[in-house]
Structures are given as structure tokens and as C-alpha cells.
Amino acid sequence: MKNLRWLWVTVGIIVVLAGALWFCFGEKLRTIYISLDSFKDENLAHTFQHTPEIQPTKKIARGEGEFRFLKEDNVWLADGFYYEGEFYPTAEFMEDTETSAMLVIKDDVIRYEKYFFGGDENTLFASNSMGKSFVSALMGIAVSEGAVGSVEDPIGKYIPEFMGTELENIPIRACLQMASGIDFDEDTDMSGFSMKTLLGTPAMKVISKYGVQEEPYTYRRYLSINTEILGQVIKNATGCSLAEYMEEKLWKRIGAAHDAYWTLSNGTELAMGGLSVSLRDYARFARLYLNRGSWNGEQILPEEWVRDSMDISADFSKPGANYDAYNAIGYGYQWWIPEGDEAEFMAIGVYGQWIYVNPHRGVIIVKTSADPDFMDKGYELKHVEFFRAVAAGIS
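If you want it as C-alpha cells, here you go:
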């Protein structure tokens, strides 16, 4: 009888503790569960088309005066492309990479547009790491308006949590170029970082605990926390949230057709890749860079910023830098730069999100996907050849 009594006492204590934990962390645990469930392979297509319904977000309101691309009937895309001597048929490649939508624009005319998995031109597609290129644009505006003094400024100047740490004197430019030297591994450390922030620890406090692996500008190592740092610099320097700053300085000025949304983590925008944007609005953003920062006569981004964003002259920025699998393509200010002579540049997000721009041909391609095999060998370089074939085939 005594043992039974202690059993019930123990059960009671467990119930009380469980209740207390749920009271303190229930909403955060629910968010973690939803996030994990959303990224199951079978849920990817739905997740990437419905993120604002699944996750907490902040709206980025469009302005007045929508910019409209002209539209023609869909053209036939190139039959296929070659990669490492093997031919890949276009239709088969698009199906194999779980394409959810694709848009091809040449000289401001939509030449091809197709949606899959139930999407349409009003669907907002998750950016994943394509959002990093938007953060770069916001940094360019903040620098041009004097809110951020210079990309040579140390990040500790804008982020108090870094004062007195090894990270204090890392230049903003080093974070833009993924050459900060912070001791962090994208493959092994990201889950721990995400879990801590989801449970309520501010991202900058988590990052401040990391040391420095090498001096800035020694190697290029793709670290999404670099973009989180850039986002915090912008927020602290401007006094605006990222969503507010993007709405005022960018979204209302480029003729966006739809409101966009920025996913929140622990109540703040996920700078490393949390945007949800329609396909054509991704193309409008690309058009701003295609026209060297000018939007129908208004210089929204300094032309010098756009040029510097595509500069891969430093050894660590070049394609194949330090033999890292992440570095098969060159990298500028949060933009990917393929090897070649047509001045191409790209924004890339995990699971197969792409913005490809070819200035020499006047072509913009946006391709979204729900591809769990995005880490396959040659995946990114294969897509480069696919986009080149499509661009070359549009007359």
C-alpha cells in the first residue's frame, strides 16, 4: 500500500512538472514540432507554398503601382542540356528535381510560366536561402543612406552582444562574403543553433559564444549565421525590423504585385532565409539587380553596390575556393556567381530554390522546388547548365 502511495506521489510530481514545462515551453515545443513535421519529404511542397499559414510571420506590404511584365504564350524550352558528358532532357529534369514552379523572362516579357503542386501566380513560395540576397540588398541601402557607416566596420560596433568576444572585430564585409572565420559548421552545428533560438535564446547571444576558427578573409565557409549577423546589424543600425525596412526601402518601390511575409524565429525575422514571395515578385527583385540597382529611373541600390556584390576577384570568392563542396560556385555579397563570361549571378535556397540572372541575354529565371535530393553531387552545377540552355534557347 505504501509503495502504491509513493507511485501515485511520483506520478503526481511528474504530471505537475510536465504541466509546468508545458506552461513555460508549450508554445515553443509546439513550434518545434510543426517545424520538424513541415520538413518531412512528403510535406515539402505544401510547406513551401503555405509557410505564412504554418509559421509565425511578419507582413511586408506592397506599394501602389504594380509593375507588370508583358506576357506571351509559353515557348518551348530547350530540349535539354549536357552535364559532364551526359544529356538531361528538360521535362525529365524538371520532374526529377520536384519543380513546383518555373518562370522565364527575357527583356521584361514572360516567355514561360508554369506551376505544379497546385500553385499559381498568386502563390507565395518560400525563399529558404534565396532570402540572403534580399538581406544583402537591405545592407546596401543601409550603407548608402548612412545608417551603416561602411562594410569595413566591425560587427561589434552594431551588436552589443559581441563586445569583448572574439567576434567583435570581424568586418561586415567578411560576413557578406561568407569569410568571417567564425568557428561554426553549417552541417553539424545548425540544428543546435536552431533549437536554442526556438526555445527562446536570442540568436546573437547564441552566436556570441562561438569562437573564431581563422582570421577573416582566409577561407570562404558557407555559414548561415553570417546572414543572421547582417540582419541584426541592419536592425540595430536603422531601428527598424527587417520586414519594416524591406517594406519601406525596397518592396514598395519595385512594383511588387503581392505582399510578402518574413518568417519569425523567437519573435524576430529569420534573416538567413525566411521570406515567402510570389514567383513574379522574385523576378521583380532580380530585375532590380539586372538593371544595376535602378528601377525605372530611380536608383534604389547604388550601382557600385551591385557591382561589388558580384565581385569574386578574391581567392576565397572564386569557384572551387579551398576545395569546399559548398564552394563549387563563386560567391559575392550573398549572391552566387558561376564561372563563365556572361556575368551571370544567382540566389539559391535549399530544396531547390533558384533565381538565375543572365545580363548578357537579358534573361531572368525563377525556379522553385520541393526536392529532398538537393544535396546530390553536382546538383548546383547541373542547374547552372540547365539555366544556360534555357536562356540560350529563348530567342
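For the sequence shown, our numbering begins at 833 and goes up steadily by one. Ideal Cβ positions, reconstructed from N, Cα and C, are used throughout, including at glycine.
Rounded C-alpha distance that separates residue i from residue j
i: T1095; j: M971; result: 19 angstroms
i: A1224; j: F957; result: 26 angstroms
i: M1078; j: F899; result: 17 angstroms
i: R837; j: T883; result: Unreliable placement is indicated for R837, whose pLDDT of 45 sits below 50; no coordinate value is reported for it.
i: A1069; j: V980; result: 6 angstroms
i: Y1121; j: A1179; result: 11 angstroms
i: A1157; j: I937; result: 30 angstroms
i: C1072; j: V1216; result: 36 angstroms
i: W854; j: F1206; result: Any reading at W854 is ruled out, since the residue's pLDDT is 43, under 50, leaving its predicted position unreliable.
i: G1043; j: E998; result: 6 angstroms
i: I1039; j: R1005; result: 18 angstroms
i: F948; j: L1107; result: 20 angstroms
i: G951; j: L876; result: 13 angstroms
i: V1195; j: G996; result: 47 angstroms
i: L1243; j: N1058; result: Any question about residue 1243 goes unanswered here, given that the chain covers just 833 to 1227.
i: Q1166; j: V1182; result: 14 angstroms
i: K946; j: T931; result: 10 angstroms
Classification of residue i by the beta-carbon crowding that lies within 10 angstroms, buried from 16 upward
i: Y1114; result: buried
i: D873; result: exposed
i: W1137; result: buried
i: Y914; result: exposed
i: T1200; result: buried
i: H1090; result: buried
i: W1168; result: buried
i: D1203; result: buried
i: P1048; result: buried
i: K1067; result: buried
i: G1060; result: For clarity, residue 1060 is Glu in the given sequence; the question names Gly instead. E1060 should be labelled buried.
Beta carbon proximity, residue i to chain B, threshold 8 angstroms
i: R1052; result: Annotation note: the requested chain B is absent from the structure, which comprises a single protein chain.
Coarse secondary structure for residue i, derived from DSSP in three states
i: Q1185; result: strand
i: I1226; result: coil
i: E998; result: coil
i: Y1211; result: helix
i: G963; result: helix
i: M934; result: strand
i: A1011; result: coil
i: I991; result: coil
i: K872; result: coil
i: V980; result: coil
i: F948; result: coil
i: P884; result: helix
i: R894; result: coil
i: G912; result: strand
i: A1202; result: coil
i: F901; result: coil
i: V1233; result: Residue 1233 lies beyond the range of the chain shown here (833 to 1227); nothing can be said about it.
i: T1020; result: coil
i: T922; result: helix
i: T879; result: helix
i: V1195; result: strand
i: A1115; result: helix
i: V1216; result: helix
i: A974; result: helix
Beta carbon of residue i nearer than 8 angstroms to that of residue j
i: N960; j: L1030; result: no
i: S968; j: S1227; result: no
i: L1082; j: I1132; result: yes
i: F1148; j: R1085; result: no
i: T929; j: D911; result: no
i: M1104; j: K890; result: no
i: G1184; j: E1171; result: no
i: A1118; j: I892; result: no
i: V1189; j: L935; result: no
i: E1212; j: A1160; result: yes
i: E896; j: V941; result: no
i: Q1045; j: I991; result: no
i: P986; j: E1000; result: yes
i: L902; j: V1222; result: no
If you scan the region 1027-1080 from start to end, which runs of the alpha helix (DSSP H) of 4 or more residues do you find wholly inside it? 1035-1039, 1056-1070
Would you list, in sequence order, the uninterrupted alpha helix (DSSP H) runs of no fewer than 4 residues that lie entirely inside the region 1131-1166? 1135-1141
Can you give, in chain order, each stretch of the alpha helix (DSSP H) that sits fully within the region 1077-1111 and has at least 4 residues? none
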